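Worksheet for the structure shown next.
Residue numbers (the numbering used here): 42 to 198.
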């Protein structure tokens, strides 16, 4: 790209969590996938999401509602509007405060996530599949899960 500032790097792939954890990162432009939004909030970085498919739009609408990011629809993507949105997010101190607080909350854990995951895997193994904590949904018939029996009764009455 011509006239690329010295502080902007274009690469095919970079380790996203490492980048988001760097203290100089002030904004993350993403498609809005769940992992991207979780990593961004964990590291306290506000986002601009440009959703493309699936859950991305829903994820970014939630981020925008929580106040730590903005959504730009692909059909509205233009150089000037993106520039304005970038400047808006970078200059929005409230947005940064919200995501920094979200980061503090996410990091406030009794044990590290990998230890917790190992605990629960071992717990299930110790208790023969742990049927006592399984959802009752697994014991229901498919038509009960989707309330077809209830709707059939209502329609017939």
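From the three backbone atoms N, C-alpha and C, an ideal C-beta is built for every residue, glycine too.
None of these values were measured; they are calculated from a predicted model.
Which value, in whole angstroms, describes the spacing of the CA atoms of residue i and residue j?
i, j, result
"residue 188", "residue 196", "12 Å"
"residue 123", "residue 168", "53 Å"
"residue 180", "residue 171", "14 Å"
"residue 149", "residue 66", "22 Å"
"residue 175", "residue 139", "35 Å"
"residue 80", "residue 142", "14 Å"
"residue 47", "residue 120", "19 Å"
Does residue i come out as helix, strand or coil in the three-state DSSP assignment?
i, result
"residue 89", "strand"
"residue 94", "coil"
"residue 111", "strand"
"residue 146", "helix"
"residue 70", "strand"
"residue 42", "coil"
"residue 175", "coil"
"residue 153", "coil"
Could you tell me if the beta carbon of residue i falls within a distance shorter than 7 Å of some heavy atom in the ligand GTP?
i, result
"residue 181", "The ligand GTP is absent from the structure shown, which contains no ligand whatsoever."
Cβ contact (3+ pairs, closer than 8 Å) linking the region 146 to 161 and the region 89 to 97: no
So does the region 125 to 133 actually touch the region 71 to 85, counting three or more Cβ pairs closer than 8 Å? no
Looking at C-beta atoms only, is the number of pairs between the region 86 to 94 and the region 53 to 73 that lie closer than 8 Å three or more? Yes, since at least three Cβ pairs between the region 86 to 94 and the region 53 to 73 fall closer than 8 Å, the two stretches touch.
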